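Before any comments, here is the structure.
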């Protein structure tokens with residue numbers, strides 16, 4: 002077999018063959034060369050085109066693309082640096098990786114996760130070869146000492162940008178490290194901390210250790226805490242971090258993102274944070290009784306030049322200001338938000354007032370809030386107020402009402418369409434046919450429309466009278482050339498830019514799909530749910546629009562059978578979410594449909610980063626014997642834990658790939674060496 006000039010590439014070829022289960026289809030690596038006289042240049046020879054293609058693939062698929070040519074190999078290695086996370090569970094895995102990759106010149110990996118003791122003898126060679134290439138490092142070591150931590154981060158990985166710690170470093174009983182004399186580590190920009198160790202190790206000890214850590218990392222831009230289910234524990238963790246940030250000796254002038262919940266923070270702490278003027282861009286906070294509203298205002302005023310995303314939760318007594326505010330405090334809670342002129346995203350929980358104040362926030366593009374009375378939050382007299390000109394020209398693009406018991410009547414929808422005519426995303430509950438008509442006429446730029454738990458019928462989605470829709474469903478006639486002659490009003494196809502539609506209602510049937518949804522030419526994602534939708538409608542939909550769709554979620558259509566779901570899978574492999582059926586299965590046993598649904602849903606989302614563990618092959622195949630290293634590593638992909646995303650970013654799942662070492666074992670115990678992630 003031919004090989005490239007990259008010395009480490011031959012050993013990685015067997016990696017790909019081992020992952021595919023053999024080398025029967027192997028062939029020579031061909032470098033495509035364009036003739037100088039050729040006028041047609043192959044676009045797949047441009048590096049920008051290649052990297053664009055590879056960025057949409059998973060890590061294992063990118064590794065397979067390295068076999069195309071040397072140019073593809075170079076671009077694939079660049080993409081793998083952002084996609085693949087290599088995991089070391091023990092010393093043998095490090096030895097395997099060193100032997101397989103020591104001669105490489107392309108260095109395809111820049112993200113590593115270490116779950117074994119740093120004193121292992123194989124780490125010295127690993128740091129010397131790959132230390133300068135490491136950009137992201139996750140240390141999952143429970144007995145991490147300051148000496149080992151500083152030796153790795155300060156000396157061995159000089160270009161480290163992202164650091165993750167599951168346990169805070171500790172001082173050793175012998176040879177205590179003087180952190181004050183250590184030079185700051187300026188390369189690290191992101192810090193990711195586990196919440197549980199901070200909360201369980203005592204507040205004083207955790208604060209001291211965290212203080213020393215933050216003083217060593219003055220150029221931090223992001224501090225992220227892992228979320229935990231216990232609310233009280235999460236609050237305690239946040240308070241510990243805030244106590245450290247308010248210290249005068251902790252100076253983080255470049256800090257932008259902080260996913261700390263400020264619920265339970267006192268007025269004194271807020272005032273001290275306001276004096277530090279942290280350049281935060283994203284903040285999550287909650288108003289509580291006993292804290293002056295002026296303290297919140299001073300804190301938000303200190304962030305008004307940088308804050309772009311805010312999530313704020315109001316207390317239950319929000320509608321009654323007397324128990325919440327002191328008598329000499331005339332500022333209402335919603336006035337705390339009006340000072341944020343650069344805010345782009347605002348999420349308000351338990352909000353019971355009016356959103357009239359957003360006319361003072363011209364840059365706001367996304368608004369999410371929970372209210373029990375939509376009519377009061379967007380009053381009828383809004384159009385006659387003095388600042389009507391400002392609010393009608395508002396650039397709000399996304400509006401979401403999270404209260405499930407808040408009906409969206411036509412009056413409120415009319416006010417929304419008049420105040421925010423440039424909306425591109427709308428998420429509401431309990432919308433009827435008349436409300437749909439208001440949306441069609443007043444919000445023509447919508448690209449995302451989500452109507453969950455609605456009361457709309459076939460007439461609202463098709464524009465055809467309900468009697469005619471019922472007749473067409475009974476006769477089973479879905480192909481009607483002159484269907485537009487039956488329409489009496491606008492319908493879902495009247496939204497020309499609609500790409501995502503989610504609607505669930507017990508009143509919609511096959512007619513909504515055949516005469517409404519099918520007319521949405523640009524639709525990419527569809528989630529529809531109703532007990533009246535049958536197999537015939539799904540088959541009709543699959544033949545018409547499924548080829549261009551990315552996601553089809555019919556999990557809430559209880560009437561469907563395997564006939565239609567199988568047909569939809571044939572049209573859209575890996576892009577259909579089907580109903581979960583529990584018939585014929587014992588109680589407590591997960592159904593096959595449920596497991597299929599989970600698998601398909603994972604396939605829908607493109608993984609941003611894959612974690613991997615090295616696996617040694619027990620035997621040497623005929624193809625492997627021709628390689629420079631008969632026993633080399635390959636990555637085996639499995640689905641395990643999912644990293645919690647940053648709270649203000651879209652939730653991105655990550656596939657975990659383990660490196661399992663079966664060689665260098667003294668015993669034949671098949672269970673020896675099979676570790677599980679913590």
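In the working numbering, the protein residues as written are 2 to 679. Where is the CB? At the ideal position from N, CA and C, for every residue including glycine. Model, not experiment: these values are computed from the prediction.
**Length of the line joining the Cα atoms of residue 313 and residue 578** = 34 Å
**Request:** State yes or no: is the C-beta of residue 446 within less than 9 Å of the C-beta of residue 458?
**Result:** no
**Request:** Can you tell me which of 530, 289, 99, 514 puts its alpha carbon nearest to the alpha carbon of residue 132?
**Result:** 99
**Request:** Could you tell me which of 86, 58, 450, 309 sits nearest to residue 341, measuring between CA atoms?
**Result:** 309
**Contact check, residue 74 vs residue 67, beta carbons under 9 Å** = yes
**Request:** Report the rounded CA-to-CA distance for residue 520 versus residue 431, giving the unit in angstroms.
**Result:** 23 Å
**Message:** Bridge partners for residue 191 per DSSP, in chain order?
**Reply:** 163, 223
**Prompt:** Going along the chain, which unbroken runs of the alpha helix (DSSP H) with 4 or more residues stay wholly within the stretch 429 to 455?
**Reply:** 434 to 443
**Prompt:** Could you give the distance in angstroms between the alpha-carbon of residue 253 and the alpha-carbon of residue 450?
**Reply:** 41 Å
**Message:** I need the DSSP call for residue 523, collapsed to helix, strand or coil.
**Reply:** coil
**Request:** In angstroms with no decimal places, state the Cα-to-Cα distance between residue 571 and residue 108.
**Result:** 40 Å
**Item:** Spatial neighbours of residue 136 in its chain, beta-carbon cut-off 6 Å, leaving aside the 5 residues before and after
**Value:** 111, 162
**Message:** Taking the alpha-carbon of residue 374 as reference, which of 262, 573, 183, 429 has the nearest alpha-carbon?
**Reply:** 429
**Item:** CA nearest to the CA of residue 511, picked from 531, 300, 556, 77
**Value:** 531
**Request:** Report the residue from 51, 284, 439, 345 whose alpha carbon sits nearest the alpha carbon of residue 223.
**Result:** 284
**Request:** Within its chain, find whatever has a CB closer than 6 Å to the CB of residue 143; leave out the 5 residues flanking it on each side and keep chain order.
**Result:** 168
**Asked** Within this structure, are the beta carbons of residue 297 and residue 351 separated by less than 9 Å?
**Response** no
**Prompt:** Where residue 183 and residue 275 are concerned, what is the direct C-alpha to C-alpha distance, given to the nearest angstrom?
**Reply:** 29 Å
**Request:** List the DSSP bridge partners of residue 370.
**Result:** 349, 402
**Prompt:** Are the stretch 176 to 195 and the stretch 113 to 121 touching by the rule of at least three beta carbon pairs closer than 8 Å?
**Reply:** no
**Asked** For residue 279, which residues from the same chain have a beta carbon less than 8 Å from its beta carbon, with the 5 sequence-adjacent residues on both sides left out?
**Response** 246, 253, 256, 259, 303, 304
**Asked** What are the partner residues of residue 112, as DSSP defines its beta bridges?
**Response** 86, 137
**Request:** Inspect the beta-carbon positions of residue 405 and residue 369 and report whether they are closer than 9 Å.
**Result:** no
**Request:** Helix, strand or coil for residue 313, going by three-state DSSP, please let me know.
**Result:** strand
**Request:** Could you check which residue in 301, 396, 250 has the C-alpha nearest to that of residue 208?
**Result:** 250
**Message:** Classify residue 522: buried if its beta carbon has 16 or more other beta carbons within 10 angstroms, exposed otherwise.
**Reply:** exposed
**Request:** If I'm right that residue 63 touches residue 81 with Cβ under 8 Å, what's the distance once you round it to whole angstroms?
**Result:** 6 Å
**Message:** Going by C-alpha to C-alpha distance, which of 193, 152, 433, 215 sits closest to residue 507?
**Reply:** 433
**Message:** Within 10 Å of its beta-carbon, does residue 498 have 16 or more other beta-carbons around it, so buried, or fewer, so exposed?
**Reply:** exposed
**Backbone secondary structure at residue 252 - three-state DSSP** = coil
**Request:** Taking only the alpha-carbon atoms, compute the straight-line gap between residue 535 and residue 138 and give it to the nearest angstrom.
**Result:** 51 Å
**Message:** Taking the beta carbon of residue 567 as the centre, do at least 16 other beta carbons fall within 10 Å, making it buried, or is it exposed?
**Reply:** exposed
**Request:** Return the CA-CA distance between residue 423 and residue 219, expressed in angstroms with no decimal places.
**Result:** 42 Å
**Asked** Going by the CB atoms, is the gap between residue 186 and residue 682 shorter than 9 Å?
**Response** Missing from the structure shown is residue 682; the chain here goes from 2 to 679 and no further.
**Message:** Here's a check: name, in chain order, each residue in its chain whose Cβ is nearer than 7 Å to the Cβ of residue 52, leaving out the five neighbours to either side.
**Reply:** 76, 79, 80
**7 Å CB neighbourhood of residue 95 in its chain, flanking five on each side removed** = 89, 121, 123, 124, 127
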